[in-house]
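Chemist:
Chains as they are written, first to last, in our numbering: chain A, 4 to 257; chain B, 37 to 372.
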């Protein structure tokens, strides 16, 4: 086995042997189970809270279940991904493990790519598993799964999360401490989120438009095709950021 | 003075330089580390030892100059020699969730070991470093245990060259002895580049030493050559009944009549011609008596007892002291 593949294996083992295997999966699975339930019960809950008032709420639909799911994924879920990934490189530099690893025949590019691949596999597999549970649960509660649209929304989410992981990895690489890495990562996420609000074209083509497209597709006001430009830009941004991270890390001294 | 032999070099540095802004951490360093040697790399704190090690192990790039590690240049981010070296940093960092045999197994795999060979190397290095049978997670290790595991991982690939940065500083006396014994066993087959400030360790295991100060090489020699080069012996003398030397008389004898030391003087140099054997001597208070460095040892061996007897004093101790590596080190660093 080459140094690169040994290090990739170590990254997967680290996920399985540390808190990382619990935080993101548990949170995402929790959202998968509760989102359909919340969507189904919200009208009844609201009515029960104000029994003497006539409130006309639309009947809950399958789309509400997914809207609830992606709202949770795209806010708390992403923050959980960030906080479990901020130490990917910064922590290895601070603790001195990077020194022991990089004075062995491990290419520097593989040090970064291994972390990206392992974290992406964790986040994407968790997202798909959570989506599968939500799909099943939504069909059980609403007798309608909206499979095609919800699956397309999951594709947008997955690509968006790849960019979030790339942003976090970049922040962790340029930072001298885990705290600074966290601040840079959250700042990056915030920037991605507000970009669509700054200009009409950014609302259509910037990576931060993807969560809005997910909502619109589920509400039936946008199609997957309309989201494709933003999807491609997000993928390209993630790839460029990853290449930049590798180049910066190659020049860094430990 | 630098001694360069014709043996094959494990490491050669040529005007190696590292600059951080205006600060020159390593200044035109020229080292020659013979293959198979245990090479002590000495220097006070901030001398540039760790910076040099970082450049030689591929962790930092030189600002100027070059170094050949096992015949390969370290410039242009060349990392191709890393498969043939081992490195033990001063504070080795490990993955807390791993167990020692897992870390060693991973380290060996990175070097391309597999199957029975990997298993046997893991077992050998655990045995060598006294960690055989230790199953607990590395996160619960003491600093000394981590240092020993650090040594084990540095040796897992049977490297041709091992870099060690202060390898014994965190160890108890027994652990320190074990590490030094391990280094002694490797001598001759593996080149050890051993950065330290513990001079006893250098005296015990190293055959060649380089001393650097303020980033520049002060000297590089075989230890026995270094001792010979700086073999200016001292005389240590103590007087009976706690009596003290009559400095006035000593000065007068050394300088000639009329000379007197400054009040409260406890050390000095008599640099002008005086009595034979006492001219040019250096003296200072040392322990219960005086440490005297004569310019002419043989003459002083005769003159000093005579001088003391003339003062009506009796000698309790009169001994020749060979300079320790510490004396040489302090002397050289002070001069530089």
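All residues carry an ideal CB built from backbone N, CA and C; glycine is no exception. All values derive from a computational prediction rather than experimental measurement.
Can you check DSSP and say which residues form a bridge with residue 356(B)?
Modeler: 271(B)
Chemist: For the alpha helix (DSSP H) that residue 46(A) lies in, which residues bound it at each end?
Modeler: 23-52
Chemist: Identify the contact partners of residue 14(A) in chain B, using a Cβ-Cβ distance below 8 Å as the criterion.
Modeler: Residues of chain B passing the Cβ test: none, with the nearest at roughly 11 Å.
Chemist: What residue from 340(B), 117(B), 51(B) has the CA that sits closest to residue 88(B)'s CA?
Modeler: Residue 51(B) is the option with its Cα nearest to residue 88(B).
Chemist: Taking the alpha carbon of residue 138(B) as the point to measure from, which residue in 24(A), 10(A), 39(A), 185(A) has its own alpha carbon closest?
Modeler: Of the candidates 24(A), 10(A), 39(A), 185(A), 10(A) places its Cα closest to the Cα of residue 138(B).
Chemist: So with CB distances below 8 Å, who are the chain A contacts of residue 77(B)?
Modeler: What residue 77(B) touches in chain A: nothing, since even the nearest Cβ is about 17 Å away.
Chemist: How about residue 28(A): is its C-beta nearer than 8 Å to some C-beta of chain B?
Modeler: Chain B contact via Cβ: absent.
Chemist: Name, in chain order, the residues that DSSP records as bridge partners for residue 27(B).
Modeler: The displayed coordinates of chain B run from 37 to 372. Any statement about residue 27(B) would go beyond what the structure contains.
Chemist: For the beta strand (DSSP E) that contains residue 200(B), what are its first and last residues?
Modeler: 197-201
Chemist: Taking the alpha carbon of residue 243(A) as the point to measure from, which residue in 58(A), 257(A), 218(A), 172(A) has its own alpha carbon closest?
Modeler: Residue 172(A) is the option with its Cα nearest to residue 243(A).
Chemist: Which partner residues does residue 70(B) have in the DSSP bridge list?
Modeler: 45(B)
Chemist: State yes or no: is the C-beta of residue 219(B) within less than 8 Å of the C-beta of residue 368(B)?
Modeler: no
Chemist: Mind checking residue 58(B): buried by the 16 CB within 10 Å criterion, or exposed?
Modeler: exposed
Chemist: Between the Cα of residue 97(B) and the Cα atoms of 55(B), 364(B), 215(B), which residue gives the shortest distance?
Modeler: With distances taken between CA atoms, residue 97(B) lies nearest to 55(B) out of 55(B), 364(B), 215(B).
Chemist: Determine the burial state of residue 95(A): buried for a count of at least 16 other Cβ atoms within 10 Å of its Cβ, exposed for fewer.
Modeler: By the C-beta density criterion, residue 95(A) is buried, having at least 16 other C-beta atoms within 10 angstroms.
Chemist: Please look up how many angstroms separate the CB atoms of residue 109(A) and residue 146(B), rounded, as I've assumed it's under 8 Å.
Modeler: At roughly 6 Å, the Cβ-Cβ gap stays under 8 Å, so residue 109(A) and residue 146(B) are in contact.
Chemist: With DSSP as the reference, label residue 254(A) as helix, strand or coil.
Modeler: helix
Chemist: How is residue 112(A) classed by DSSP in three states: helix, strand or coil?
Modeler: helix
Chemist: In the structure shown, what three-state DSSP assignment does residue 387(B) receive?
Modeler: Chain B is shown only over 37 to 372; residue 387(B) falls outside these bounds and no answer can be derived.
Chemist: Does the distance from the CB of residue 69(B) to the CB of residue 100(B) come in under 8 Å?
Modeler: no
Chemist: When we look at the beta-carbon of residue 56(A) and count the other beta-carbons within 10 Å, is it buried (16 or more) or exposed?
Modeler: exposed
Chemist: Could you pull the start and end residues of the beta strand (DSSP E) that residue 329(B) belongs to?
Modeler: Boundaries of the beta strand (DSSP E) harbouring residue 329(B): 325-329, taken from the DSSP string.
Chemist: Where do the ends of the alpha helix (DSSP H) carrying residue 79(A) lie?
Modeler: Where residue 79(A) is concerned, there is no enclosing alpha helix (DSSP H), given that its DSSP letter is neither H nor E.
Chemist: List, from N- to C-terminal side, the alpha helix (DSSP H) runs of 4 residues or more that fit wholly inside the stretch 206-275 of chain B.
Modeler: 209-222, 235-241, 259-265
Chemist: Alpha carbon to alpha carbon, what distance is there between residue 177(A) and residue 153(A)?
Modeler: About 36 Å.
Chemist: If you compare alpha carbons, which of 70(A), 16(A), 161(A) is closest to residue 117(A)?
Modeler: 16(A)
Chemist: Using a cut-off of 7 Å between C-beta atoms, extract the partners of residue 228(A) located in chain B.
Modeler: Correct list: empty, because the minimum Cβ distance to chain B is about 45 Å.
Chemist: Taking one C-beta from the stretch 114-130 of chain A and one from the stretch 48-64 of chain A each time, how about it: are there three or more such pairs within less than 8 Å?
Modeler: no
Chemist: Compute the beta-carbon to beta-carbon distance between residue 103(A) and residue 129(B), rounded to the nearest angstrom, for a pair I have assumed lies under 8 Å.
Modeler: 6 Å
Chemist: With distances taken from CA atoms, which of 262(B), 191(B), 213(B) is nearest residue 228(B)?
Modeler: 191(B)
Chemist: Please report whether the beta-carbon of residue 49(A) lies at a distance below 8 Å from any beta-carbon of chain B.
Modeler: no
Chemist: Find out if the Cβ-Cβ distance for the pair residue 324(B), residue 274(B) is shorter than 8 Å.
Modeler: yes
Chemist: Is the Cβ-Cβ distance between residue 259(B) and residue 245(B) less than 8 Å?
Modeler: yes
Chemist: Restricting to Cα atoms, I'd like to know which of 170(A), 97(A), 7(A), 64(A) is closest to residue 138(A).
Modeler: 64(A)
Chemist: What residues in its chain sit with their C-beta under 7 Å from that of residue 126(A), if we drop five residues either side in the sequence?
Modeler: 27, 84, 164, 168
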